[in-house]
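Peer 1: Each residue of the sequence shown is one higher than the last, beginning at 1 in full-length UniProt numbering.
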Amino acid sequence: MSVNLAFHGAAECVTGSCMLVESGGARFLVDCGMFQGSKSLKALNYEPLPFEADSIDAVLLTHAHIDHSGLLPKLVRAGYRGPIYATRATRDLCEVMLADAAEIQEGDVAHLNRRNQRRGIRGVEPIYTTADVAPTLRLFQTVKFGEMIDPLPGIQARWWPAGHLLGAASIEVVLHEDKGPVRLLFSGDLGSGHQPLLPTPDGPVGVDHVILESTYGDRVREAVTPERRRALLAKEMHDAKAAGGPLLMPSFAVGRAQELILDLLAVMRDEPELATEIFLDSPLAIEATDVFLRRGWNAEAEENPYLELRGATRLHYLMRPQESDGLERLRDWHIILAGSGMCDAGRIRRHLKRLLWRRETTVLITGFQAVGTLGRVLLEGRRLVRIQGDDVRVNARIREIDAYSAHADADGLVQWLKGRMPVTGKVFLTHGEPDARSGLASRLMRAGLEAEAIVTPMLDSAFALTATEAQPLGAVGRLRPGAASRPDWRNGRAALLGDINEALQGAPDDEAREALLARLRDALEAPSHLDGPRAPATTLVPGG
1 MSVNLAFHGA AECVTGSCML VESGGARFLV DCGMFQGSKS LKALNYEPLP
51 FEADSIDAVL LTHAHIDHSG LLPKLVRAGY RGPIYATRAT RDLCEVMLAD
101 AAEIQEGDVA HLNRRNQRRG IRGVEPIYTT ADVAPTLRLF QTVKFGEMID
151 PLPGIQARWW PAGHLLGAAS IEVVLHEDKG PVRLLFSGDL GSGHQPLLPT
201 PDGPVGVDHV ILESTYGDRV REAVTPERRR ALLAKEMHDA KAAGGPLLMP
251 SFAVGRAQEL ILDLLAVMRD EPELATEIFL DSPLAIEATD VFLRRGWNAE
301 AEENPYLELR GATRLHYLMR PQESDGLERL RDWHIILAGS GMCDAGRIRR
351 HLKRLLWRRE TTVLITGFQA VGTLGRVLLE GRRLVRIQGD DVRVNARIRE
401 IDAYSAHADA DGLVQWLKGR MPVTGKVFLT HGEPDARSGL ASRLMRAGLE
451 AEAIVTPMLD SAFALTATEA QPLGAVGRLR PGAASRPDWR NGRAALLGDI
501 NEALQGAPDD EAREALLARL RDALEAPSHL DGPRAPATTL VPGG
């Protein structure tokens, strides 16, 4: 067996997509994404890459979302000098997304290091800086959908529309081995097929192994028409206006923000009483909008639906931090869209700090929230959260619409895979939390796939492949089994500190408060299984 496939991300979790393929002496990556979620998961971004960067010959990129592209500058900083193959739209979106990620890195690390200095804790370095972005972009080589290319000797690749994001693709790879070709298909992130702004997901028929995302593998969503989706949004807008305050929408800056604004404008046209000012408080979303205006032609619809964003009088772009700060003066009914979509970075955190405690505020979640993120904590009903080191009371209305997902649901994933049959080898389920992967595996078996044909790789696991078989290889994962898919001790610490503060505030008098503190001190001083040599200090990451 001379083809090896290793999963260095998006295994046991949704983020950090990165797969290493070795064939005939060549080594290439499919995606090189950033981990998001719990602090333990994000700490992997700061660790050395699990392979030598200068040993990689090429990168094949499915799409621009940061959990698929976000560590490309780190790869280049570590010595990679080969080509990065991607569609033109993906390349253009990466230009703005990677620059934004670098700026966030620099800003968050500077903020963290100021806090660490006050605490007497050593500082950390950014994963990469803005200086690493330009050399990365120079390595991009653009490809066309449907065109077979030869990225390396003995290796062919073809990009198929995935319908997830502008330029997003599934990638077919043919590895020409001495004993015959081995055909792999990397799904990337698949769209629902019901989005009017994006193409229907497609792919080849009859491959050997499929690497299939499973983000919503345990969920079936109601098929929602554009009209129904706007009706759901209009209902939330009515309720938010009635509450008397702003509608705050954490939004993924690329794709989701543009779709939401188009629907907000459409609702305001149909229901003028809801008309108000929309503030897009995300430099990344603003710059990405320009890419959508240039690259957003939809061949199926024969139009660029994003052109409506040009010249929308109620839409205000906030590029500078001072403009964002100016929103503090606003009261009553208005709408703010800010990144990040999972509430763990960007300007959304500042808005949440100043608005979550207000009962008149509505926070509307419209996208997937990974385990350990602030967005997930809010959806789970936490009444006290910690943002940038401060405790914030959650009095705002927390609402959710599950009609904007750019991911296929369980039925959509099964139908897409059926369209690729026959698959002679294995189906590797990636890019999903444990319940999602097990849920999709059950559905695939009910659809006729044999249980032994389904593989759920763990982080850093590797397999030796033939056209029909996949033999597990020994691998040492960077996290304990299961750690990638559950909240970590930092999430627990934040929740515990919030509970302690609530208990102290709710105590009847100072005597009761002192008694509670005494019990806590006794618990900390009591012997436990943790006694013994101290473990080395862990690396703190921004937000920790």
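For each residue, glycine too, the CB sits at the ideal point set by N, CA and C.
Can you tell me which of the three DSSP states G532 falls into?
Peer 2: Here G532 scores only 49 on pLDDT, less than 50, and its place in the model should not be relied on; the value that follows carries that caveat. If DSSP states are grouped into helix, strand and coil, G532 belongs with coil.
Peer 1: Enumerated in chain order, which unbroken segments of the beta strand (DSSP E) with a length of 3 residues or greater are wholly contained in the region 41 to 103?
Peer 2: Fully enclosed beta strand (DSSP E) runs of 3 or longer: 58 to 60, 84 to 87.
Peer 1: Are at least three pairs of beta-carbons, each pair with one atom in the region 182 to 191 and one in the region 404 to 418, less than 8 Å apart?
Peer 2: In short, these stretches touch, since the Cβ pair count reaches three.
Peer 1: Sort out for me which residues DSSP pairs M249 with in a bridge.
Peer 2: Paired residue(s): L337.
Peer 1: Looking only at its chain, what residues have a beta carbon closer than 7 Å to the beta carbon of I286, apart from the 5 residues adjacent to it on each side?
Peer 2: Excluding residues within five positions, the ones whose Cβ falls inside 7 Å are L280, Y317, M319.
Peer 1: If we call anything under 8 Å between Cβ atoms a contact, is H65 one with L165?
Peer 2: Taking 8 Å as the Cβ cut-off, H65 and L165 qualify as a contacting pair.
Peer 1: Is the number of C-beta pairs between the region 195 to 212 and the region 454 to 471 that are closer than 8 Å three or more?
Peer 2: Enough Cβ pairs lie closer than 8 Å, so yes.
Peer 1: Give the DSSP-derived three-state secondary structure of D150 in the structure shown.
Peer 2: Strand.
Peer 1: Would DSSP call R27 helix, strand or coil?
Peer 2: The answer is strand: DSSP assigns R27 an E or B state.
Peer 1: Over the uninterrupted beta strand (DSSP E) stretch that includes I211, give me the two end residues.
Peer 2: I211 -> beta strand (DSSP E) spans 209 to 213.
Peer 1: Which residue marks the beginning of the alpha helix (DSSP H) containing P283, and which one marks its end?
Peer 2: Element bounds for P283: 283 to 295.
Peer 1: Let's test the definition: count the other Cβ atoms within 10 Å of the Cβ of I155 and tell me whether it reaches 16, buried, or not, exposed.
Peer 2: Buried is the call here.
Peer 1: Given a cut-off of 8 Å on the beta-carbon distance, is the pair L260 and T361 in contact?
Peer 2: No, Cβ-Cβ distance for L260 and T361 is not below 8 Å.
Peer 1: For the candidate residues A89, A462, A370, whose alpha-carbon lies nearest to that of D435?
Peer 2: Considering only alpha carbons, the answer is A370.
Peer 1: Out of L232, G25, L497, which has the shortest C-alpha to C-alpha gap to I387?
Peer 2: Comparing Cα positions, the closest option is L497.
Peer 1: Per DSSP, what kind of secondary structure is Y216 in: helix, strand or coil?
Peer 2: Strand at Y216.
Peer 1: Express the C-alpha separation of K418 and G206 in angstroms, rounding to a whole number.
Peer 2: Looking at the two C-alpha atoms, the distance is approximately 10 Å.
Peer 1: Does DSSP put R397 in a helix, a strand or coil?
Peer 2: The answer is strand: DSSP assigns R397 an E or B state.
Peer 1: Could you spell out where the alpha helix (DSSP H) holding G375 opens and where it closes?
Peer 2: It spans 374 to 379 - the alpha helix (DSSP H) in which G375 sits, taken as one unbroken run.
Peer 1: Straight-line CA distance for T136 to L307?
Peer 2: Rounded to whole angstroms, T136 to L307 spans 30 Å at the Cα level.
Peer 1: Which partner residues does V21 have in the DSSP bridge list?
Peer 2: According to DSSP, which records beta bridges pairwise, V21 is partnered with L5, F28.
Peer 1: Between R230 and R376, what straight-line distance do the alpha-carbon atoms span, to the nearest angstrom?
Peer 2: Approximately 24 Å, taken between the alpha carbons.
Peer 1: C18: which of L75, G339, L479 sits nearest, CA to CA?
Peer 2: Taking only the C-alpha atoms, the option nearest C18 is L75.
Peer 1: Quick check: what's the CA-CA separation for R359 versus A396?
Peer 2: Spanning the two alpha carbons is a distance of roughly 5 Å.
Peer 1: Looking at C-beta atoms only, is the number of pairs between the region 103 to 113 and the region 126 to 144 that lie closer than 8 Å three or more?
Peer 2: Cβ pair count under 8 Å is three or more, so yes.
Peer 1: Whole angstroms is fine: what's the gap from A288's alpha carbon to G296's?
Peer 2: Roughly 11 Å separates the two Cα atoms.
Peer 1: Is it buried or exposed for Q258, if we count other Cβ within 10 angstroms and need 16 for buried?
Peer 2: Buried, because 16 or more other Cβ atoms sit within 10 Å of the Cβ of Q258.
Peer 1: Where does S170 sit, in a helix, a strand or coil, going by DSSP?
Peer 2: Looking at S170 - three-state DSSP - the assignment turns out to be strand.
Peer 1: Which residue comes first and which comes last in the beta strand (DSSP E) that contains P472?
Peer 2: Residues 470 to 473.
Peer 1: Taking 8 Å as the cut-off, decide whether the C-beta atoms of L444 and V414 are in contact.
Peer 2: In this structure, V414 lies closer than 8 Å to L444 by Cβ.
Peer 1: Below 6 Å CB to CB, which residues in the same chain sit around R88 once its five sequence neighbours on both sides are set aside?
Peer 2: Excluding sequence neighbours, R88 sits near T142.
Peer 1: Taking 8 Å as the threshold (C-beta atoms), are W160 and G193 in contact?
Peer 2: Contact: no.
Peer 1: Under three-state DSSP, which class holds R354?
Peer 2: R354 falls in the helix class under three-state DSSP.
Peer 1: Between R393 and the rest of its own chain, which residues show a CB-CB distance below 8 Å, the 5 nearest in sequence each way excluded?
Peer 2: The answer, listed in chain order, is L356, W357, R383, L384.
Peer 1: Check whether the Cβ atoms of F28 and A58 sit closer than 8 Å, and answer yes or no.
Peer 2: Yes, these two residues count as a Cβ contact at 8 Å.
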